[in-house]
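There are 2 protein chains.
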Amino acid sequence: MSDEHMSAAGPLDTTRTPHARLRTLPLDGVTLGRGFWSLRQATNREASLQHGYRMLEQAGNFHNFRLVTGQAQGDYRGRLFMDENVYKWLEAVAYALAASPDAALRVMADNAIGLIAAAQQPDGYLNTYFTVVEPQQRWADLDHGHELYCAGHLFQAAIAFHRALGDARLLNIATRLADHIASVFGPDKRDGAPGHPEIEMALVELYRETGERRYLDLAKFFIDRRGQGKMRGLGWYGPEYHQDRVPIRTASIMEGHAVRALYLMAGVTDLYLETGEQALFDALMRLWHDMTHGKLHVTGGAGARYEGESFGDPYELPNDQCYCETCAAIASVMWNWRLLLATGEARFADVMEQALYNGFLSGPALDGTHFFYINPLLSRGGYARAEWYSVACCPPNIMRTLASIGQYLATTDAGGVQLHLYHQARVADSARGIALDIETQYPWQGAVKVLVKETDGASWTLSLRIPAWCRDATIRVNGAPVSVSAEAGSYATITRAWQAGDIVELELPMPVRLLEAHPLIDTTRDAVAIQRGPVLYCLEQADHDFDLMAAQIDPSASLQAAWEGDLLGGVMIVTAPGYLLDTGAWGGQVYRPLESGKELPRQSVSLRAVPYHVWGNRGANAMRVWIPRAGR
Amino acid sequence: MSDEHMSAAGPLDTTRTPHARLRTLPLDGVTLGRGFWSLRQATNREASLQHGYRMLEQAGNFHNFRLVTGQAQGDYRGRLFMDENVYKWLEAVAYALAASPDAALRVMADNAIGLIAAAQQPDGYLNTYFTVVEPQQRWADLDHGHELYCAGHLFQAAIAFHRALGDARLLNIATRLADHIASVFGPDKRDGAPGHPEIEMALVELYRETGERRYLDLAKFFIDRRGQGKMRGLGWYGPEYHQDRVPIRTASIMEGHAVRALYLMAGVTDLYLETGEQALFDALMRLWHDMTHGKLHVTGGAGARYEGESFGDPYELPNDQCYCETCAAIASVMWNWRLLLATGEARFADVMEQALYNGFLSGPALDGTHFFYINPLLSRGGYARAEWYSVACCPPNIMRTLASIGQYLATTDAGGVQLHLYHQARVADSARGIALDIETQYPWQGAVKVLVKETDGASWTLSLRIPAWCRDATIRVNGAPVSVSAEAGSYATITRAWQAGDIVELELPMPVRLLEAHPLIDTTRDAVAIQRGPVLYCLEQADHDFDLMAAQIDPSASLQAAWEGDLLGGVMIVTAPGYLLDTGAWGGQVYRPLESGKELPRQSVSLRAVPYHVWGNRGANAMRVWIPRAGR
């Protein structure tokens, strides 16, 4: 390792990006202390990454590389996009190794990198499926072939190894492949765009990492050429499945496959960050508005429909048959993070936080070796996390997100430091000589203490995010209240000539509260959800000896939060008074003439809610987020 | 045509079936007069069947046969089960031609039959896909190859041509194929069962038509061998996708692909009708109980989930993202009809009627050339019927069902005649010298007049179905009230020495009523549906100038029905007072802290409901069956 890479950027680097209002911190600019995310990171490092390596062996991903290199014989195994699983796993390993050396993990990574290097073709091409199975079909099926998608994930893994570990092996492979792709596609070459976006943001990052403008140009080319209405959708779908109905600059509807749509948005935002093109920004704002007005579940989950794994119509947000793919939640985080960097506006951080603590974090099991692909808001009991999937996009995507979660805590700009997520951590802007210690039990407690450890005596601004869910936030500096605006959904800013030893105390009150959903949503009628801080709750059958589907909550009663250190790795639970309906009077009927005014008999029960993100860790069992309101 | 076939059975023949309590009438035993179904039959005959022929040409179904016969060159077109579309279309043509000769249609049928005859292999094998594309893979993939499924549909078409028209050409082809299959599969031969059930009921009918016991034995073999847990499901599914998790005699859960499940149930019921095996009957009753306790939509639709086109958990009945495939509604009709024949119990006729007037009849457009594959109960506007589908199971299934709808009107038994569905018709049991004229405007009006036209003077019983939805039915004979039991969901029976000229007047009161759904269903909370007689209603955007999703109905107000002869081919509409919520106070929020007691402002509006089965005939537009209740 060289010293140079030690202050290299994290998974996204906007340190020299012209149209970023906020600059990402170097990878070593955030060091997590013991807390909510670092506990998950430990499991990720100690269980998930090893498990992933075993699964990549077992599912045939490595076997496919060995077929190319001649180290194995037989048939190609699995779907044609298997390579990307390896790349996302490697990206996760890079960030894990940077945080904490691990000799065994390094050997695994070296094995994988060796296979990848050996599988690259003399002309730079790299894809095991199209090398082994259909060598004549290279780039023949951009809509469904996933070659550019896999390439994008290789680039991101390569950037991770270079930035986090100063290891250029994958980067050399990546640039050879990128140069090969640039020799095939471009304004005077072959036209086209990838059926599954991903390479766009990877190419922009490759430009940031290498300084080679042609990678940015190629990203722009793929984005510009999309939207000709030519791509063949899956199932009932037309070009909207691939976000190919209209060009991005005229698009206004989030539609089609949710992961594809959100990866594309992240790539377009990356392009905007570099070019500052207003038409792109305007499109992004239209599309973000569309998504956040009835196309996100209260978990932050995206993709209402199983059909095409796609966005639904506005306010089409089913509880049980929603898709809410873990990868879509991750993609939403990636997009909103880029919009936050572009604008500095808290609304993007709010959407990001909603997904991170809920619809993303429900993906991995506490054991680190089981994963949800789909994240429903209601289960009648038959649904459980699996060790792996035949389409295994989610597990390694979870791993790379957890391994790099620290990136989202803080940024800098010319005026100072911004804190976006709160966690026990050291945050350092070494270029400016600023170091802060954050002490908090967030998201379980709303008290956040910021200790100024180093500063150069100049005046600068500390920006503290006040989440949209938080009313009556207060701030003290060195014990004294400060009268700065601390509105929900904004950044409170304190500008002063900070001194080492200064202490800022932010208090984000976290009463348990009930949420209601917009009346245009059909599935949440007369129901409420429980939230505390950024954490959404659910009822799980494991905590109840009656049918959850017959339960109601008393919306007027008070809700109690209590810490249970031995439950599910330590969680805050919520208890609430409710009722159990006696549906016996219905007999065997499913539909009957309306009997107005006849209420079913009910008995008082106690409801016990656990965070949504830990549901399903006590075996497959029923769960519901939205709880019918009693006695309206 | 011989005289013999003129009194041959309809699509199902239980005239000599030992364990049938009710006997089906000969094909000419029911002649429909002008009315609800015959209007649809006319469109079916005049538009749909011609359209179907064009589509079979356009989609490549006939082309695939020509590839086998050498009349065409090129690639096989479409999915591997394309042949069945031709067979179901032919079955429909046979019943249409029997009711009303049509020279042009006969030429089309002859062309198709000629192709099929020429495509049959010397050994009797017949399947264009596995003859043209994968000749080495005959019977290699029973789970997904659909060869036995296609064969079953050929058998049914062949039986239809033989019974309805005395035309044995297809029957000769069918028996050669059946004999070939029997030479491959059986107790001392190859083990296995078809991934998609269908051949079971077809083989039982082939036995009934030919008297050849080996076809019944083969049906029993396929049913007996199912349930080994070996079939590979689609997507996330295991063997339950194919109803292969457990043997039928121990099954108790309706699960997996809904059409597969229901076709299997129909076949098992056919087997029971012939063998009287109690274990089969017990299984059928368990499974029927399971299905009717929370796995059927109020439309009679079956298959709650897009995923696997499958049954959901009990009470999992989404409105917008349900599947409710048209073929599943048809399959439910087929199964319930067989259970009715086996038992004579009205509950099976009720389920059949619910599906026929609602979830089945929503399939075809009024123009006869567009069809729903999926039948949701809520659409936000983007969903429309298509001319055809790449998986085109539904359109010809609709055609054969409409062409043979008369079969469901009446049956006989040793004691008399039973009327199940009411329609303008002549019903004749020529073997017993009984003829009845039915006069009614059902389902729009509840008055049914039965005129005894012919009878032999002996005493017999007339059984009149009193639908489960009907309270206070009354019966008069020759003008005088009769005091027989006429409970909802039963058969009223009148036994006497009927004389020609006797008149029975059945009055089935049809007030408009509101239905509520079981509290365990999450998606219908505090909502009601409108029903009148057997006809379910919906709100359609075309009739309203405000957002249907913001509408509520006043459950205490009176509902008015009115005939609109110029609307949608003539329908009874229902008007109801309701409210339109002003959701402006929500601003851009989708979720917010509960504001108990704060009701949204609303204005009075008039709601206008149309029958669910005609929705979507005025362009793609929003629709909802379940309407939130105001002011609970």
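Residue numbers (my numbering), protein chains in the order written: chain G, 70 to 701; chain F, 70 to 701. The beta carbon of each residue, even a glycine, is placed where N, CA and C say it ideally should be. Just so it is clear, the structure is predicted and the values come from calculations on it, not from any experiment.
The alpha helix (DSSP H) spanning residue i covers which residue range?
| i | result |
| --- | --- |
| G/P464 | 463-472 |
| F/Q225 | 216-234 |
| G/T336 | This sequence places Gly at residue 336 of chain G; Thr is not what is there. Note, G/G336: alpha helix (DSSP H), 327-344. |
| F/G485 | Note, F/G485: premise wrong, no alpha helix (DSSP H); beta strand (DSSP E) at 485-488. |
| G/E153 | 152-168 |
| G/I292 | 282-294 |
| G/L149 | Careful: G/L149 lies outside any alpha helix (DSSP H) and carries neither H nor E. |
| F/I250 | 238-253 |
| F/D359 | 347-361 |
Leaving aside the five residues before and after residue i along the sequence, list all residues of the same chain whose C-beta is less than 6 Å from its C-beta, in chain order.
| i | result |
| --- | --- |
| F/A611 | R687, N690 |
| G/M631 | Per the sequence presented here, residue 631 of chain G reads as Ala, with Met not at that position. So the qualifying residues of the chain are I642. |
| G/L32 | Here chain G has residues from 70 to 701 only, and residue 32 of chain G is not among them. |
| F/A220 | L246, I268 |
| F/M692 | S448, C607, E609, W684 |
| F/R582 | Q600 |
| G/R545 | E574 |
Looking only at its chain, what residues have a beta carbon closer than 7 Å to the beta carbon of residue i, apart from the 5 residues adjacent to it on each side?
| i | result |
| --- | --- |
| G/S528 | T564, R565, A566 |
| F/M70 | For F/M70, the pLDDT reaches just 31, beneath the cut-off of 50, and the residue's location in the model is therefore unreliable, leaving the point undetermined. |
| F/A89 | T83, L342, L410, A411 |
| F/V460 | R148 |
| G/Y681 | T368, N427, S431, L605, Y606, C607, V694 |
| F/Q390 | Y375 |
| G/G345 | P87, H88 |
Use the C-beta contact count for residue i: other C-beta atoms within 10 angstroms, 16 or more gives buried, fewer gives exposed.
| i | result |
| --- | --- |
| G/F224 | buried |
| F/M323 | buried |
| G/Q140 | exposed |
| G/F429 | buried |
| F/P170 | exposed |
| F/V604 | buried |
| G/D179 | exposed |
| F/H358 | exposed |
| G/Q127 | exposed |
| F/P87 | exposed |
| F/M300 | buried |
Quick one: residues in its chain with C-beta nearer than 8 Å to the C-beta of residue i, no 5 flanking neighbours on either side, listed in chain order?
| i | result |
| --- | --- |
| F/K522 | R495, A504, L505, D506, A569 |
| G/L356 | A320, S321, I322, M323, M334 |
What residue range does the beta strand (DSSP E) around residue i cover?
| i | result |
| --- | --- |
| G/A34 | Residue 34 of chain G cannot be examined here, being either before or after the span of chain G that is shown, 70 to 701. |
| G/Q600 | 596-601 |
| G/H274 | The displayed chain sequence assigns Glu, not His, to residue 274 of chain G. Taken as a continuous stretch (DSSP letters only), G/E274 belongs to no beta strand (DSSP E), being part of the alpha helix (DSSP H) at 268-279. |
| G/T530 | 528-535 |
| G/C539 | It is not in any beta strand (DSSP E) - G/C539 carries neither H nor E in the DSSP assignment. |
| G/Y560 | 559-566 |
| G/Y606 | 604-609 |
Is there contact here, the region 115-130 of chain G with the region 504-524 of chain G, by at least three beta-carbon pairs under 8 Å?
no
May I have a chain-ordered list of the beta strand (DSSP E) segments no shorter than 3 residues that lie completely inside the region 617-678 of chain G?
620-622, 629-633, 640-650, 660-662
Determine contact between the region 413-427 of chain G and the region 381-394 of chain G, defined as no fewer than three beta-carbon pairs at a distance below 8 Å.
no
Give the list of continuous alpha helix (DSSP H) stretches no shorter than 4 residues that lie fully inside the region 182-220 of chain F.
197-201
At what residue ranges does the region 98-127 of chain F contain a whole run of the alpha helix (DSSP H), taking only runs of 4 or more?
105-112, 118-127
Alpha helix (DSSP H) segments (min. 4 residues) lying fully within the region 376-460 of chain G:
395-412, 415-423
Is the number of C-beta pairs between the region 369-383 of chain G and the region 325-332 of chain G that are closer than 8 Å three or more?
yes
Any 3 or more C-beta pairs closer than 8 Å across the region 532-547 of chain F and the region 477-491 of chain F
yes
Is the region 100-108 of chain F close to the region 660-667 of chain G, with three or more CB pairs under 8 Å?
no
Are three or more beta carbon pairs between the region 572-581 of chain G and the region 647-654 of chain G nearer than 8 Å?
no
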